[in-house]
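Have a look at the structure below before the remarks.
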Amino acid sequence: MMHLPVVTITLTLLSLYVAKIRWDNPSSELLNGLQFAAKTHEAAILMSLGDILLYRISYGLNRQDIGIPLGFLSSAFYLSGPLRYLASRQLWVPTFRYGNSAKYQLSTGAMIVFVSILCMGAGPLSAIAMIPRLDWWKDEMFNPFDKEDIADHRPVTKWIPPVKYRTRFGGESGPFVRNNIDDSIDPRDMLITANVAEEGPKTEFANCTYTNYNDINSLIAIKNEVVMTSGTRPLSFVTLGLSNASMNAFGNSYAVPWLTTSHRQALGSGSGMTWKQPLVSVGCNYSYAMGDDTVKFFFSSLNKTVRLRTNSSTALADLSYYKAADYRYPNLQKSKELPISADILFLTIEDWGPEYTLCVIFASWSDADTWIESPLSYNSLFELERPISEVTADASRDLIHMDDEWMEGIASFSDKSFFKAIANWCEGGATSWCFELRLVLHITDAIAQAGNIVSWPEYFSDAQQSDNTGKDAILYTRYYRTYAYRFSSSRGILLAFTFLLLHVLMVLAHLAEIIRSKDPWQGSDWDNFGDLFVLALASKPPDGTGDLAHQSSKSQLWVKTVTVARDGDEGRCQVRLREENGYRRANGEEEGVRVE
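With mature numbering (1 follows the signal peptide of the UniProt record, and there is no 0) applied, the sequence shown corresponds to residues -23 to -1, 1 to 573, in that order.
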C-alpha cells in the first residue's frame, strides 16, 4: 500500500500538465505549500524505491541457491544520500564478480545504481513537476471572431486583400490628407503633440500620439540620434484589429494580465508571419546663402556635401524670392542620384536673414512583432526584428521611393499645408531637430495607413473579391500572464516526468512480481534495518573469521555470498556465508557451507 500514494501523486501531476491547468493569482502561502508537498512526494518516492530494493535483497537472502553479496545488504539504507555508497567497494566489487550467480549480482548492482540515481533526482525533479510556472500562456480557446454570448462584441476583420508592401508611392496612390481631415483644422494645432515631445526631457526614445487619420490605437516611437531622427509604428489596420480583438472574448481575464498578438497568414494558411511597418528616418541641416547664390549642406548619414545653386536648383531659386516661411522639393534622388526616399527644402526668415534647411528622408519596411497588452494599455506595442540603428546603417536596404506629388498629397488640403506649418513652427528655433521630429511623425503616420481601406482606399488597386479566395487572413492569438502547468514551459518538465514515470513503471513491475510470488502479500521478510540488524546479531561468524590476524580484506569480504537459514540446533535464523559451488543438505535441512 505504500506505493499507492506516490503513484497517485505522480499521475495527478501528469494529468495537470495534460489538461494544461491554469492557476490565476495563487498566494505566496500556496506556492510555499507546494514546496512542502514536493518534499512529501520525494519522501514517498524514497520509501517506495527502498521497499522495491529491499524486496530484491530479501529475494536473494531467502534463496539458498542464489544468496546476496554482503556488500549489497546496506544499499537500501543509503538511498537518502547514496553518493558515498555509489563510490564504495561494497557496490562495485560484488557487481562485477564472476561465479554461478554473476548474472543475478550484475542485475542487482545495476538496479541499485538506477534506484540510487532516481533517489538523488527525486527531490529537485518532484519540485520541478509540482510547482507551476509563471509565464505568458497561450489560450487555445480564444476566438475573437465568435459573436456568440458576447454582449459587447467588436467587429474584427479576418480576411483582407493580399498585403503588398509597396516601395513606390506616387500622386495617384494617397493617402490624401484632404479626404481624411476637416477643412477647418489648423495644421499647427496638430503639431502640439510633437512640440510637447520636443520641449520635454531629451531622451533617446520617446512615444508620441500623432495622427491625421482618426487613428488612436497606436503610438509613434521616436528615436533621437545625433545624425538623424527616426520613427516607426505598426500599420493602422493592424492596430485597429488588435484593439478590437483584444477586448473580445476576454471572459474572466480581468483577473490576470493578457496580451493579444497579430500575425499575417499569406493566402489564409500557415502559422503566421510578422507584419512589416514603416521605419522613417530624417536628417536635416541648415545653411545660409553664400555670395554666389549657393548653399551647401553636409549629411553624415550620406557622408556627402550637397550644394544647391539658384541657377541649377528650381527649388532654391523659387524660395530665394520669398519673404516668408515656405518649402520646396529639390528632388535630389534624381538630380544628385542620392540613395534617399525623398527630400524637402525649407525656408525660414530669421533675425539675421533667410535660412535654408534641407531634410533628406529615408523610409523602408521593417519586420516587427505586434501586440496589445491589457489591461496595462490599449495601444499597440511592437518589437522590431532589427534595432533601428542597425536598419538605418544598412545601405543595402530597400527604400520606399516617394515622389513630389505623393509628398504634397499627404501634406496639403484646402489652402493649407502641414509642411508650411512646420516651417512656420520651427522658424526662430535655429534647430534642425524641430524639422526632423515633425517630418518623422507626419510621414510615418501617412505610410502607416497602408492597407487601411478607410483612410487609404487607393492602396489596393485591384477590385475587392466577393469571396476569400486569394486573400490573406489575420491570425490573432491570446496569452495570459499567470501560473500554469505546461510541458512547453521547460525541458526540465519532460526530464522530471521521464524519471517519475520510470518510478511508476518500477512499481508496476514490482507489484507484478509480488503477485506471481508464492506469498504475494507477504512482501519482504527483512524490510528494514532493524530486522537485518537483529538477524546479524543472531548469526554466528564462519570458522576462522574471528581471528583478526587472518581476516580477509574488504574487497574480499564484500563479495562473500550470504543467505538466511535456520540453525538446526538452536532453531533461529542466521545470515550464513555460501560457497560458490552452491549449497548442501544435511539431515533434510538447508544450511550454508562455512568458509574455512
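Virtual Cβ for every residue (Gly too), placed ideally from N, Cα, C.
Since we're looking at a predicted model, the values are computed, not measured.
Cβ-based burial, ILE(-3) [other Cβ within 10 Å; buried from 16]: exposed
Rounded straight-line distance, which links the Cα of VAL233 to that of MET483: 41 Å
Burial state of GLY521, where buried means 16 or more other Cβ atoms lie within 10 Å: Below a pLDDT of 50, predicted positions are generally treated as unreliable, and GLY521, at 48, falls in that range; no measurement from the model is reported.
Counted within 10 angstroms of its Cβ, other Cβ atoms place PHE13 as buried (16 or more) or exposed: exposed
Minimum C-alpha distance to ILE387 - residue among ILE162, VAL259 and VAL154: VAL154
Where ASP28 falls: helix, strand or coil (DSSP): helix
Limits of the alpha helix (DSSP H) - the one that ASN221 falls within: ASN221 -> alpha helix (DSSP H) spans 213 to 223.
Straight-line gap, SER373 to TYR142 (C-alpha atoms, nearest Å): Roughly 17 Å between the two C-alpha positions.
Inter-stretch contact (C-beta, 8 Å, three-pair minimum) for the region 474 to 488 and the region 89 to 98: Contact check between the region 474 to 488 and the region 89 to 98: three or more CB pairs, one atom from each, fall below 8 Å, which counts as touching.
Residue closest to ARG415, alpha-carbon to alpha-carbon, out of GLU149, LEU309, THR(-12) and ARG165: ARG165
CA nearest to the CA of GLY405, picked from LEU236, PRO101, PHE323 and THR291: Comparing Cα positions, the closest option is PHE323.
Inter-residue Cα distance where the pair is ILE105 and MET118: 27 Å
Presumed contact (8 Å Cβ cut-off) between ASN401 and ALA302, rounded CB distance: 5 Å
Residue range of the unbroken beta strand (DSSP E) whose run includes HIS319: The question names His, but residue 319 is Ala in the sequence shown. ALA319 -> beta strand (DSSP E) spans 319 to 327.
Length-filtered (3 minimum) beta strand (DSSP E) runs lying within the region 428 to 463: 449 to 461
VAL203 burial status per 10 Å Cβ neighbour count (16 or more: buried): Per the 10 Å Cβ criterion, exposed.
Three-state secondary structure assigned by DSSP to PRO255: strand
Those runs of the alpha helix (DSSP H) which lie wholly inside the region 327 to 405 and span at least 4 residues: Counting only runs of 4 or more, we get 365 to 369, 381 to 386 and 395 to 403.
Cβ neighbour criterion (16 or more within 10 Å) applied to ASP320: Buried, by the Cβ-count rule.
Selected residue, minimal CA-CA separation from LEU217, among THR237, LYS80, GLY37 and ASP160: THR237
Secondary structure of TYR263, DSSP reduced to three states: Strand at TYR263.
Close-in-space but distant-in-sequence residues of the same chain around MET224 (CB under 7 Å, 5 per side omitted): Within the same chain, MET224 has close Cβ partners ARG131.
Nearest to SER389 (by Cα), restricted to the options LEU83, SER51 and ASN157: ASN157
Inter-stretch contact at 8 Å, needing at least 3 Cβ pairs: the region 343 to 350 / the region 281 to 297: no
Cβ-Cβ distance between GLN254 and SER343 below 8 Å: yes
Cα-Cα separation between ASP159 and SER278, rounded to whole angstroms: 37 Å
Exposed unless 16 or more other CB atoms sit within 10 angstroms - verdict on VAL(-6): exposed
Reference TYR21, options GLY58, PRO59 and MET(-22), closest by Cα: Note on identity: in this sequence residue 21 is Ala, with Tyr being the wrong assignment. Minimum Cα distance to ALA21 is reached at MET(-22).
For TYR187, the nearest candidate out of ARG210, TYR299, ASN201 and GLU490 (CA to CA): Ranking ARG210, TYR299, ASN201 and GLU490 by Cα distance to TYR187 puts ARG210 first.
Sequence-distant residues of its chain with Cβ nearer than 8 Å to PHE214 (five each side left out): Counting only Cβ-Cβ distances below 8 Å, and skipping sequence neighbours, we find THR134, ILE137, GLY428, ASN429 and ILE430.
Integer Cβ distance of CYS336 from CYS261, believed to fall under 8 Å: 4 Å
Continuous beta strand (DSSP E) stretch holding VAL204: start and end: That residue, VAL204, is in no beta strand (DSSP E); it is neither H nor E in DSSP.
DSSP state of THR72 mapped onto helix, strand, coil: helix
CB contact flag (GLY148, ASP380, <8 Å): yes
Simplified DSSP state of TYR298, which is helix, strand or coil: coil
Rounded distance between the beta-carbons of ARG241 and ILE451, thought under 8 Å: With 8 Å as the limit, ILE451 and ARG241 qualify as a contact, their Cβ atoms being about 7 Å apart.
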